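Student: This is the structure I want to talk about, given as structure tokens.
There are 2 protein chains.
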Amino acid sequence: PLASWMKQHPPERLPSLQGACPVPYRRPRFLRGSSSSPGAADASRRPDSRPVRSPARGRTLPWNAGYAEIINAEKSEFNEDQAACGKLCIRRCEFGAEEEWLTLCPEEFLTGHYWALFDGHGGPAAAILAANTLHSCLRRQLEAVVEGLVATQPPMHLNGRCICPSDPQFVEEKGIRAEDLVIGALESAFQECDEVIGRELEASGQMGGCTALVAVSLQGKLYMANAGDSRAILVRRDEIRPLSFEFTPETERQRIQQLAFVYPELLAGEFTRLEFPRRLKGDDLGQKVLFRDHHMSGWSYKRVEKSDLKYPLIHGQGRQARLLGTLAVSRGLGDHQLRVLDTNIQLKPFLLSVPQVTVLDVDQLELQEDDVVVMATDGLWDVLSNEQVAWLVRSFLPGNQEDPHRFSKLAQMLIHSTQGKEDSLTEEGQVSYDDVSVFVIPLHSQGQESSDH
Amino acid sequence: PLASWMKQHPPERLPSLQGACPVPYRRPRFLRGSSSSPGAADASRRPDSRPVRSPARGRTLPWNAGYAEIINAEKSEFNEDQAACGKLCIRRCEFGAEEEWLTLCPEEFLTGHYWALFDGHGGPAAAILAANTLHSCLRRQLEAVVEGLVATQPPMHLNGRCICPSDPQFVEEKGIRAEDLVIGALESAFQECDEVIGRELEASGQMGGCTALVAVSLQGKLYMANAGDSRAILVRRDEIRPLSFEFTPETERQRIQQLAFVYPELLAGEFTRLEFPRRLKGDDLGQKVLFRDHHMSGWSYKRVEKSDLKYPLIHGQGRQARLLGTLAVSRGLGDHQLRVLDTNIQLKPFLLSVPQVTVLDVDQLELQEDDVVVMATDGLWDVLSNEQVAWLVRSFLPGNQEDPHRFSKLAQMLIHSTQGKEDSLTEEGQVSYDDVSVFVIPLHSQGQESSDH
């Protein structure tokens with residue numbers, strides 16, 4: 001589908017997406033790797049993309065996902081959105097296995113699929129590193145626990161190739177399931193990738209950070225790991241289900257204020273930890289104003305002291321909310337060197353690299369033909385609501401069931417809808433001036449694939 | 001209803017509740033106060049208990065709630081459960097107003113109702129102090145913000161008696177509503193009460209702590225503030241809605257582990273922060289075992305080191321889970337002096353006194369005759385599920401609509417069901433050996449009261 005997409009639109013300029021402002025088009029980045037079968041975003045219906053049945057229970061999703069992206073030259077010189085997708089081949093091995101990511105994996109033990117969106121800030125470096133690194137970290141983490149993944153229940157002890165059900169009663173009592181190992185692997189992989197990015201950026205004298213939204217299909221389940229403000233939703237005929245939650249200075253206010261309470265030195269006397277409805281001015285001194293602190297989910301009043309006039313730790317509402325006046329997200333990868341402008345105050349202590357992981361039990365859904373997961377960076381969700389995206393999905397897919405490129409076309413259409421065309425769905429033709437990247441992942445296996453179930 | 005209840009059952013012994021073990025009966029404690037109209041749990045249908053219409057918007061709930069309690073002499077010498085309820089009279093005043101709690105409040109400005117359950121541990125002292133103190137703290141906190149409560153929107157500035165809509169756009173943008181001030185007042189009141197308890201226990205050389213579950217009906221909303229493992233649910237004809245969530249070492253694992261990560265000295269080298277499926281033994285040394293740390297919601301494997309053999313910070317499953325081997329709850333009031341047996345390790349740094357507050361918009365519910373809120377200490381929920389309690393409510397109330405004591409009788413029946421009678425609802429006639437206290441709060445105003453709406 002990307003091929004046809006590119007034929008219609010010459011690389012230099014993308015007329016149909018120009019709208020009010022010129023939108024340069026950039027060829028989507030393919031996954032790097034020494035592989036003969038690069039896992040690219042336009043993998044729809046390629047002969048080698050047929051799902052491979054996993055030896056363990058559960059079905060593998062088809063990975064003929066649709067992908068589209070747009071970059072806006074007015075905002076950034078380089079595309080700060082990066083994407084990656086591919087087959088996830090987990091081998092049963094001890095140590096020192098060579099890199100074989102995205103090959104056909106003749107010796108694979110467990111296979112799944114991986115889709116990832118990274119939205120960079122302060123330059124594209126962190127997002128590019130994440131797109132090139134995170135899948136390897138994840139594969140390594142999953143391979144380290146693969147014996148637990150394929151057992152009926154993860155064993156208390158992991159003993160090389162011997163899968164012995166050690167102390168099952170304790171594992172049972174704690175309710176530990178194989179999916180908890182995948183969640184743990186995703187959590188560890190994000191942290192490991194963050195460390196790699198920190199080292200690489202320092203070594204190359206580069207800067208920047210990125211959000212990360214990662215989908216993994218494994219053993220009949222879809223895992224969605226999110227660190228940042230991208231979003232994934234499940235769209236079915238009669239259901240819209242959020243699969244991720246955004247992490248911003250607003251949504252993580254209490255965690256961030258708590259940290260500043262425990263380590264006040266992180267604010268270097270330049271910021272106030274407290275939240276007020278607006279930044280206070282000299283006139284407010286001595287008055288009682290609305291405020292809240294780290295332990296409060298409600299509001300109260302306090303008498304304004306001089307220290308309350310400092311710049312707030314978290315300032316602004318909604319999309320404008322900033323951490324230390326600098327950053328709009330509170331989780332992600334990178335930003336190891338990021339400091340508040342003209343100060344020595346670091347952002348990194350306030351940022352988490354660990355994602356929140358949700359699990360969709362695909363095998364338990366009564367899947368219909370047009371059930372899809374839509375993953376997109378914040379540029380899409382700034383101008384389209386979940387309901388609007390679902391409406392577009394439901395309008396487009398039923399009439400295009402024979403089109404092998406329908407998921408890519410849908411992804412393009414979603415992006416199109418953010419560019420303020422007259423027929424746009426968005427209120428008053430709202431335009432996204434941000435980079436936008438979209439994956440549309442079909443959940444239903446068709447033809448030969450569904451008979452595989 | 002309590003009066004009739006007591007007539008049927010002589011104070012010394014309560015035959016119908018004896019079951020397998022003798023259950024001494026103790027007269028329920030009334031709210032202390034200098035009031036001529038003590039707010040007691042058996043307030044049903046007393047002439048002065050008719051709800052007073054608040055000058056602000058919203059309806060006042062009837063406070064003819066039912067109440068029952070049981071103490072079990074085999075577990076504790078004194079009743080560690082304490083309860084309080086009463087009319088909440090919030091006056092518009094500056095400072096230094098004398099205590100008039102639970103009078104008929106001729107000069108009241110805003111009225112509501114208050115129901116509270118306190119489940120003590122390590123003796124009844126903290127629970128008794130909380131039952132005598134928390135309502136005063138709450139009234140004081142509410143009176144401090146009362147001008148914001150009765151305004152269309154809380155003003156940015158609070159200027160004595162002048163309710164000026166200062167900077168409404170900022171308050172609007174942050175979405176701050178009057179109910180956020182009530183939530184803030186509840187949060188502050190719990191903290192203030194915790195400080196009072198700390199001082200009082202120290203001064204009197206006493207020990208102990210308690211959980212707190214507090215319902216406040218104000219301006220057409222029901223606020224439920226919970227710190228501990230009591231529980232409140234809404235039961236309607238076709239709905240069961242949890243109004244609180246339990247705070248135990250298990251449900252707050254990540255917060256507690258995080259604190260031990262930040263301040264390792266709190267464990268004094270005696271405990272391990274990590275969670276394992278069971279306590280590790282010498283045999284496990286060098287093996288890879290399942291574990292999780294503060295940043296993980298999933299599980300992974302680690303190689304066991306000597307320090308992992310220490311006693312776990314949180315140990316045991318479900319009802320047996322203990323913080324530092326000592327305490328079964330992670331939020332509550334008191335416990336300022338509590339230490340791990342034979343050590344100097346303090347529990348208090350790991351405990352929060354701040355409650356989680358949920359808001360039920362009673363005015364928005366299409367109330368039916370038998371809609372009630374059931375509040376109870378953990379003794380009830382240990383042996384009855386939400387569904388079983390709802391079943392008992394729905395079985396009892398429709399046939400007893402004319403009985404003015406029906407809510408107290410229902411509360412008694414719920415407690416009865418925990419005592420392992422043959423006709424018991426609980427699995428295998430499960431018996432609660434814990435103190436149990438129950439409030440049944442009707443939401444529907446009847447007769448004259450409903451015409452008041």
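Protein sequence lines correspond, in order, to chains A and B.
Mind the numbering: the first sequence is residues 1 to 453 in full-length UniProt numbering, read in order.
Mind the numbering: the second sequence is residues 1 to 453 in full-length UniProt numbering, read in order.
Just so you know, even glycine gets a beta-carbon here, dropped at the ideal spot from N, CA and C.
Small disclaimer: the values here were computed from a predicted structure and weren't measured.
1. Does any residue of chain A bring its CB to less than 8 Å from the CB of Y433 (chain B)?
2. Using beta carbons (cut-off 8 Å, strictly below), is G123 (chain B) in contact with chain A?
3. Give the single residue among A:D119, A:R406, A:Q412 and A:Q364 whose Cα lies nearest to the Cα of V214 (chain A).
4. Using three-state DSSP, classify N226 (chain A) as helix, strand or coil.
5. Using a Cβ-Cβ cut-off of 8 Å, state whether R331 (chain B) counts as contacting chain A.
6. Going by Cα to Cα distance, which pick from B:H113, B:E179 and B:A84 is closest to D361 (chain B)?
7. Using a Cβ cut-off of 8 Å (strictly closer), state whether D167 (chain A) contacts chain B.
8. With 8 Å as the threshold, decide whether the Cβ of G298 (chain A) is near any Cβ in chain B.
9. Counting only the same chain and skipping the five closest in sequence on each side, list residues whose C-beta sits under 6 Å from that of L338 (chain A).
10. Using DSSP with H/G/I as helix, E/B as strand and the rest coil, what is R53 (chain B)?
11. Would L277 (chain A) and M156 (chain B) qualify as a contact pair, given that the criterion is a beta-carbon distance under 8 Å?
12. Any idea what DSSP makes of G112 (chain A), helix, strand or coil?
13. Can at least three beta-carbon pairs, one atom from the region 183–191 of chain A and one from the region 128–145 of chain A, be found at a separation below 8 Å?
14. Taking its Cβ as the centre, do 16 or more other Cβ atoms sit within 10 Å of R29 (chain B), making it buried, or is it exposed?
15. Flag this pair as touching only if the region 286–297 of chain A and the region 250–261 of chain A have three or more C-beta atom pairs under 8 Å; answer yes or no.
16. Note down, in chain order, each residue of its chain lying with its Cβ closer than 7 Å to the Cβ of L351 (chain A), except the 5 sequence neighbours on either side.
17. Can you give me the C-alpha to C-alpha distance between S136 (chain B) and M375 (chain B), rounded to a whole angstrom?
18. Less than 8 Å between C-beta atoms, sequence neighbours within five positions excluded: which residues of the same chain meet that for E202 (chain B)?
19. Going by DSSP in three states, D342 (chain A) sits in which element: helix, strand or coil?
20. Where do the ends of the alpha helix (DSSP H) carrying M375 (chain B) lie?
21. Does the beta carbon of K306 (chain B) come closer than 8 Å to any beta carbon on chain A?
22. Counting only beta-carbon separations shorter than 8 Å, does P277 (chain A) have a partner in chain B?
23. Given S437 (chain B), which residues of its chain have a CB within under 6 Å of its CB, disregarding the five upstream and five downstream residues?
24. At 3 residues or longer, what runs of the beta strand (DSSP E) sit wholly inside the region 286–317 of chain B?
25. Along chain B, which residues have their Cβ under 7 Å away from the Cβ of I309 (chain A)?
26. Cβ closer than 8 Å: which chain A residues qualify as neighbours of R292 (chain B)?
27. Output the boundary residues of the beta strand (DSSP E) element that contains T358 (chain A).
28. How is E250 (chain A) classed by DSSP in three states: helix, strand or coil?
29. Excluding sequence positions up to five away, which residues of its chain have a Cβ less than 7 Å from the Cβ of L243 (chain B)?
30. Below 7 Å CB to CB, which residues in the same chain sit around A126 (chain B) once its five sequence neighbours on both sides are set aside?
31. Indicate whether A411 (chain B) and T343 (chain B) have their beta-carbon atoms separated by less than 8 Å.
32. Go to R140 (chain B), then tell me how far its beta strand (DSSP E) extends in each direction, as first and last residue.
33. What's the C-alpha gap between V304 (chain B) and S217 (chain A)?
34. Starting from L218 (chain A), trace the beta strand (DSSP E) both ways and give me its first and last residue.
35. Answer with buried or exposed for V171 (chain A), where buried requires no fewer than 16 other C-beta atoms within 10 angstroms of its C-beta.
36. In this structure, what does DSSP give as the bridge partners for S437 (chain B)?
Tutor: The structure says:
1. Residue numbering aside, residue 433 (chain B) sits at position 433 when the second sequence is read from its first letter. No, Y433 (chain B) does not count as interfacial toward chain A.
2. For the purposes of this step, residue 123 (chain B) is identified with residue 123 of the second sequence, where counting begins at 1. For G123 (chain B), the answer is no, since every Cβ of chain A falls outside 8 Å of its Cβ.
3. Locating residue 214 (chain A) in the first sequence gives position 214, where the first residue counts as 1. The residue with the shortest Cα to Cα distance from V214 (chain A) is A:D119.
4. Counting from one through the first sequence, the residue named residue 226 (chain A) turns up at place 226. In this structure, N226 (chain A) counts as strand in the three-state DSSP scheme.
5. Within the second sequence, numbered from 1, the residue matching residue 331 (chain B) stands at position 331. By this cut-off, R331 (chain B) is not an interface position.
6. In the second sequence, the residue the question calls residue 361 (chain B) occupies position 361. Of the candidates B:H113, B:E179 and B:A84, the one whose C-alpha sits nearest the C-alpha of D361 (chain B) is B:E179.
7. Taking the first residue of the first sequence as position 1, residue 167 (chain A) is located at position 167. Taking Cβ atoms only, chain B reaches closer than 8 Å to D167 (chain A), which makes this a yes.
8. Reading the first sequence from its first residue, position 298 is the one you call residue 298 (chain A). Yes, its Cβ sits closer than 8 Å to a Cβ of chain B.
9. By one-based count along the first sequence, residue 338 (chain A) stands at place 338. Taken in chain order, the residues that qualify are L347.
10. Here residue 53 (chain B) refers to the residue found at position 53 when the second sequence is read from its first residue. Below a pLDDT of 50, predicted positions are generally treated as unreliable, and R53 (chain B), at 31, falls in that range; the measurement from the model is reported next regardless. Residue state, collapsed to three classes: coil.
11. To locate residue 277 (chain A), count along the first sequence from 1; it is residue 277. To locate residue 156 (chain B), count along the second sequence from 1; it is residue 156. The sequence given here has Pro at residue 277 (chain A), not Leu. Yes, these two residues count as a Cβ contact at 8 Å.
12. The residue labelled residue 112 (chain A) in the question sits at position 112 within the first sequence. Here G112 (chain A) sits in strand by DSSP.
13. yes
14. Here residue 29 (chain B) refers to the residue found at position 29 of the second sequence. For R29 (chain B), the predicted model reports a pLDDT of 35, less than 50, meaning its position is unreliable; a value from the coordinates is still stated below. When all chains shown are included, R29 (chain B) counts as buried.
15. yes
16. Here residue 351 (chain A) is taken as the residue at index 351 of the first sequence, counted from 1. So the qualifying residues of the chain are S330, R331, G332 and D335.
17. Translated into positions along the second sequence, residue 136 (chain B) becomes position 136. Translated into positions along the second sequence, residue 375 (chain B) becomes position 375. Each residue's Cα considered, the two are about 21 Å apart.
18. Numbered from its first residue, the second sequence carries residue 202 (chain B) at position 202. So the qualifying residues of the chain are H336 and Q337.
19. Counting from one through the first sequence, the residue named residue 342 (chain A) turns up at place 342. Note: D342 (chain A) maps to coil in three-state DSSP.
20. As a position in the second sequence, residue 375 (chain B) is number 375, starting the count at 1. Segment V372 to A376 is the beta strand (DSSP E) holding M375 (chain B); no alpha helix (DSSP H) there.
21. What you label residue 306 (chain B) is simply residue 306 of the second sequence in a count that begins at 1. Judged by the 8 Å Cβ criterion, K306 (chain B) is not in contact with chain A.
22. For the purposes of this step, residue 277 (chain A) is taken as residue 277 along the first sequence, with counting starting at 1. Cβ-Cβ to chain B under 8 Å: yes for P277 (chain A).
23. Here residue 437 (chain B) refers to the residue found at position 437 of the second sequence. Result list for S437 (chain B): E69, D81, A83, L117 and T377, in chain order.
24. 288–291 and 300–303
25. Working through the first sequence from its first residue, we reach residue 309 (chain A) at position 309. Checking the sequence shown, residue 309 (chain A) turns out to be Leu, not Ile. By Cβ distance, chain B contributes nothing, its closest Cβ being about 15 Å from L309 (chain A), past 7 Å.
26. Residue 292 (chain B) sits at position 292 when you count from the first residue of the second sequence. Those are G184, listed as they occur along chain A.
27. Counting from one through the first sequence, the residue named residue 358 (chain A) turns up at place 358. Its beta strand (DSSP E) spans residues Q356 to L360.
28. Taking the first sequence and counting its residues from 1, the one referred to as residue 250 (chain A) is at position 250. Correct three-state label for E250 (chain A): coil.
29. The sequence position of residue 243 (chain B) within the second sequence is 243, counting from 1. Excluding residues within five positions, the ones whose Cβ falls inside 7 Å are M224, A232, I233, L234, T358, L360 and V373.
30. Taking the second sequence and counting its residues from 1, one reaches residue 126 (chain B) at position 126. Once the five neighbours on either side are set aside, the close Cβ partners of A126 (chain B) are G120, I197, L201, G208, G209, C210, L333 and G334.
31. As a working note, residue 411 (chain B) is residue 411 in the second sequence. As a working note, residue 343 (chain B) is residue 343 in the second sequence. Not closer than 8 Å, so no.
32. Taking the first residue of the second sequence as 1, we reach residue 140 (chain B) at position 140. First-last for R140 (chain B): A125 to A144, but that is the alpha helix (DSSP H), not the beta strand (DSSP E).
33. Within the second sequence, residue 304 (chain B) is the residue found at index 304, counting from 1. Within the first sequence, residue 217 (chain A) is the residue found at index 217, counting from 1. Cα to Cα, the separation comes out at about 31 Å.
34. On the first sequence, position 218 is the one that residue 218 (chain A) refers to. Taken as a continuous stretch (DSSP letters only), the beta strand (DSSP E) holding L218 (chain A) covers G209 to L218.
35. Counting from 1 along the first sequence, the entry for residue 171 (chain A) is found at position 171. So V171 (chain A) counts as buried.
36. Locating residue 437 (chain B) in the second sequence gives position 437, counting from the first residue. Paired residues: B:E69.
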